[in-house]
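S.K.:
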Amino acid sequence: MSAMQDVAQDFAPKDLVRSPELVPIAEKVLRGDRLSLEDGLTLYETADVHGVCALADLVRRRMHGRTAFYNVNRHVNYSNVCALSCSFCAFHRKRGQDGAYEMDIEEVRDAALAAADAGATELHVVGGLHPWLPFEHYTKMLSELRTAVPRIHLKAFTAVEIVHLQRISKRGRDGYEGTLAVLRDLKEAGLGSLPGGGAEVFDDRAHDTAWKGKIRGDQWLDVHRAAHELGLNSNATMLYGHVEGRRERIVHMDLLRKQQDRTLANWAEHQNIGTRPDTDGVLLSGPLDAYPQQRLPMPGQCGLDTGYFQTIIPLPFFPDESGLEQLPGPTGLENLRTLAIARLMLDNIPHAKAFWIMQTLGMAQLMLDAGADDLDGTVVWYDITHLGGSSTHQETTVNDLRRIATEAGFDPVERDTLYRRVERDGANWRLADESLPVAG
Ligand code: SF4
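Residue numbers for the sequence shown follow the working numbering, beginning at 109 and rising by one.
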């Protein structure tokens, strides 16, 4: 890639932004310098939201060219029964309450078999914190899935579920070692990676206002650190537009960035890739000759079993049916801006996702020009957030995902959970690099 010319080489700051306060930030982006927290706030406060999107687009094109990733996946929300009652959550129910449900292992397995028949490469499995099911239920669920659908990658359990499993497995008092032990058991049973949910916003005031009882940001980060230590990749979300402020969002991004710096520093040393002198982290969003995209750690490829944050997924808050119904929720422009800022601030996370389920397909299409390189997948069922109170059947087709990407001027590329290219003929698929293990 070093022989390629940087997409930014012909740009001057004024070609990208029109507001003077964005010029120093544009200069930093062109050089590949890290943005400060104050820069992040300026990006939120400027009226030049299109300039913010242009900067994010430049970074996105440096990192991924015109590629728009998507995958063929299925979500399984195995139960909405939850011991907690986070006020922003319209998903949870108490056992016996109207609308409460629990899928037994056979039902989960049937859903997985249907997903395999439809050609899915990934199963995304999450649920509430069930008050009575034992830890063995979850390891059994994973191992039965592993046996039933051995080619499908199992992405399962948000960090708060992992902490819940740690408690019910009686390793709750063992702190970080207990988290590692639980994740080891789950990995052994078939877990392939962690989704990024449940991060909300890493801020104690917001936490105590809207999801008191749920884990705090430091615990969420510890769970992902442990997963990475065991070689499991994960994603990171940020739920915004509720009781938090814009500064808290920027701090949230910075905490993710710092953790990813520490994770990738070891790998970079192993790969002989220089770390940045300013942060001791790894630069992924700078000029092309500094971007080691092809050398990101891949399981089984780099000789170092390190997981890392693959993708940042900003999630807008939907007030409908939640305990915060009085709030307006974020606007479309705020969604675009937040995605773009996440792309710019998180210079060491390879991918940024426009999660169409929560952003809508139309907005996700616009986001491809504002920093997003990934549209997520075909999904089918999604119970966590009902857009405008709609049904839980949230399905799109490969054709639709490819069509919106192509119409926006991008090249749609199917990926698996670990961003490896997939080749497909109907429901039959294979990894483009057949030397890699299929389920990751
Ligand atoms: S957000 Fe998660 S932990 Fe909180 S109530 Fe909903 S399902 Fe339970």
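Note that the Cβ used here is the ideal one computed from N, Cα and C, for glycine as well. The structure displayed is predicted, hence computed values, not measured ones.
1) Rounded to whole angstroms, what's the CA-CA distance from GLN367 to THR266? Just pull it up for me.
2) Taking PHE243 and LEU166 to be in contact with their CB atoms under 8 Å, please state how far apart those CB atoms are, rounded to whole angstroms.
3) Quick check on the DSSP output: what are the complete beta strand (DSSP E) runs of length 3 or more inside the segment 334 to 397, in order along the chain?
4) Using a Cβ-Cβ cut-off of 7 Å (strictly less than) and excluding sequence neighbours within five positions of SER187, which residues of its own chain qualify?
5) Pick out the complete alpha helix (DSSP H) segments inside the segment 306 to 337, 4 residues or longer, and give them in chain order.
6) In or out: HIS378 buried (at least 16 other Cβ within 10 Å) or exposed?
7) Candidates TYR348, LEU391, ARG529 and SER251: which alpha carbon is nearest ALA297's?
8) If you measure from the CB of LYS322, is any heavy atom of ligand 1 nearer than 8 Å?
9) Taking the beta carbon of ASN507 as the centre, do at least 16 other beta carbons fall within 10 Å, making it buried, or is it exposed?
10) So, LEU253 versus ALA226, is the Cβ gap smaller than 9 Å?
11) Can you tell me which of ASP311, ALA450 and THR414 puts its alpha carbon nearest to the alpha carbon of ASN374?
12) Between the alpha carbons of LEU262 and ARG279, how many angstroms are there, rounded?
13) Check whether the Cβ of GLY325 lies closer than 8 Å to any heavy atom of ligand 1, and answer yes or no.
14) May I ask you to list the residues that DSSP assigns as paired with ILE420?
15) Excluding the 5 residues flanking TRP328 on each side, which residues of the same chain have their C-beta closer than 6 Å to its C-beta?
16) In chain order, what residues of the same chain have a beta carbon less than 6 Å from the beta carbon of ARG510, not counting five sequence neighbours either side?
17) Thinking just about the alpha-carbon of each residue, which of GLU515, GLY431, ALA448 and ASP481 is nearest to the one in CYS161?
18) At a threshold of 8 Å, does PHE196 count as lining ligand 1 (C-beta to nearest heavy atom)?
19) Smallest Cα separation from ALA535: which of HIS158, ASN181 and THR154?
20) Note down, in chain order, each residue of its chain lying with its Cβ closer than 7 Å to the Cβ of GLY286, except the 5 sequence neighbours on either side.
21) Rounded to the nearest angstrom, how far is the Cβ of ALA460 from that of THR419, given a contact under 8 Å?
22) Would you mind sorting GLU135 into buried or exposed? The rule is 16 or more other CB atoms within 10 Å of its CB.
23) So the candidates are MET471, ALA462 and SER543; which of them puts its Cα closest to the Cα of TYR178?
24) Taking just the CA atoms, how far does ASP293 sit from GLU215?
25) Relative to the alpha-carbon of THR486, which residue among GLY470, ALA334, TRP464 and GLN473 has its alpha-carbon at the smallest distance?
26) So, ARG600 versus TYR152, is the Cβ gap smaller than 9 Å?
27) Could you check whether the Cβ of VAL180 sits closer than 8 Å to any heavy atom belonging to ligand 1?
28) Does the distance from the C-beta atom of LEU444 to that of VAL157 stay below 9 Å?
29) Which same chain residues end up closer than 7 Å to ALA547 when comparing Cβ atoms and leaving out the 5 residues on each side of it in sequence?
30) Look up VAL157 in the DSSP assignment and say whether it is helix, strand or coil.
31) So, at 7 Å on beta carbons, what are the nonlocal neighbours of LEU435 in its own chain, with the 5 sequence-adjacent residues on each side left out?
32) Which of the three DSSP states is assigned to ARG201 in this structure?
33) Tell me which residues share the same chain as LYS295 and place their Cβ nearer than 7 Å to its Cβ, disregarding the 5 neighbours each side in the sequence.
34) Indicate, with yes or no, if ligand 1 has a heavy atom lying under 8 Å from the CB of LEU302.
35) Of all the options SER393, PRO303 and GLN473, which has the alpha carbon lying nearest to the alpha carbon of ILE421?
M.R.: Short version:
1) Translated into the one-based positions of the sequence shown, residue 367 becomes position 259. Translated into the one-based positions of the sequence shown, residue 266 becomes position 158. Those two C-alpha atoms are separated by around 17 Å.
2) Looking up residue 243 in the sequence shown gives position 135. Looking up residue 166 in the sequence shown gives position 58. Actually they do not touch by this definition, with Cβ atoms about 47 Å apart.
3) 341 to 348
4) Position 79 of the sequence shown, counted from the start, is the residue given in the question as residue 187. Excluding positions up to five away in sequence, the list reads TYR209, GLU210, MET211, GLY235, GLY236 and HIS238.
5) 312 to 318 and 325 to 337
6) Here residue 378 refers to the residue found at position 270 when the sequence shown is read from its first residue. With fewer than 16 Cβ atoms within 10 Å of its Cβ, HIS378 is classed as exposed.
7) Position 189 of the sequence shown, counted from the first residue, corresponds to residue 297. That would be SER251, whose Cα lies nearest to the Cα of ALA297.
8) As a first step, residue 322 must be located in the sequence shown, where it is residue number 214. True, at least one ligand heavy atom lies under 8 Å from that Cβ.
9) Reading the sequence shown from its first residue, position 399 is the one you call residue 507. Answer is exposed; the Cβ neighbour count stays below 16.
10) Position 145 of the sequence shown, counted from the first residue, corresponds to residue 253. Position 118 of the sequence shown, counted from the first residue, corresponds to residue 226. No, Cβ-Cβ distance for LEU253 and ALA226 is not below 9 Å.
11) To locate residue 374, count along the sequence shown from 1; it is residue 266. The residue with the shortest Cα to Cα distance from ASN374 is THR414.
12) Position 154 of the sequence shown, counting from 1, holds the residue named residue 262. Position 171 of the sequence shown, counting from 1, holds the residue named residue 279. Each residue's Cα considered, the two are about 23 Å apart.
13) Along the sequence shown, one-based indexing puts residue 325 at 217. Answer for GLY325: no, Cβ out of range of ligand 1.
14) In the sequence shown, the residue the question calls residue 420 occupies position 312. Looking at the DSSP assignment, ILE420 forms a beta bridge with ALA344 and ALA460.
15) Taking the sequence shown and counting its residues from 1, the one referred to as residue 328 is at position 220. These residues qualify, in order along the chain: ALA267 and ALA307.
16) One-based indexing of the sequence shown puts residue 510 at position 402. Here the set comprises PRO520.
17) On the sequence shown, residue 161 is found 53 positions in, with the first residue counted as 1. If we check each option's Cα against that of CYS161, ALA448 comes out closest.
18) Stepping through the sequence shown from its first residue, residue 196 is reached at position 88. Yes, since a heavy atom of ligand 1 falls inside the 8 Å radius drawn around the Cβ of PHE196.
19) Your numbering for residue 535 matches position 427 in the sequence shown. The candidate whose alpha carbon is nearest that of ALA535 is ASN181.
20) Taking the first residue of the sequence shown as position 1, residue 286 is located at position 178. Within the same chain, GLY286 has close Cβ partners GLN274, ARG279 and GLY280.
21) On the sequence shown, residue 460 is found 352 positions in, with the first residue counted as 1. On the sequence shown, residue 419 is found 311 positions in, with the first residue counted as 1. About 7 Å; that satisfies the 8 Å criterion.
22) Translated into positions along the sequence shown, residue 135 becomes position 27. That one is exposed.
23) Counted from its first residue, the sequence shown places residue 178 at position 70. Answer by Cα proximity: ALA462.
24) The residue you call residue 215 lines up with position 107 of the sequence shown. The residue you call residue 293 lines up with position 185 of the sequence shown. Looking at the two C-alpha atoms, the distance is approximately 23 Å.
25) Along the sequence shown, one-based indexing puts residue 486 at 378. With distances taken between Cα atoms, THR486 lies closest to TRP464.
26) Not covered by the structure: residue 600. The range shown for the chain is 109 to 548.
27) Here residue 180 refers to the residue found at position 72 when the sequence shown is read from its first residue. The answer is no for VAL180.
28) For this step, residue 444 is matched to residue 336 along the sequence shown. For this step, residue 157 is matched to residue 49 along the sequence shown. Yes, Cβ-Cβ distance for LEU444 and VAL157 is below 9 Å.
29) On the sequence shown, position 439 is the one that residue 547 refers to. Correct list, in chain order: PRO258, ARG259, ILE260, HIS261 and GLY300.
30) What you label residue 157 is simply residue 49 of the sequence shown in a count that begins at 1. Helix at VAL157.
31) Position 327 of the sequence shown holds residue 435. Taken in chain order, the residues that qualify are HIS350 and PRO427.
32) Along the sequence shown, one-based indexing puts residue 201 at 93. Strand at ARG201.
33) Along the sequence shown, read from residue 1 onward, the residue named residue 295 stands at position 187. Answer for LYS295: LEU338 and LEU340, listed in chain order.
34) Translated into positions along the sequence shown, residue 302 becomes position 194. No, ligand 1 has no heavy atom inside 8 Å of this Cβ.
35) Along the sequence shown, one-based indexing puts residue 421 at 313. Looking at the Cα atoms, PRO303 is the closest of the given residues.
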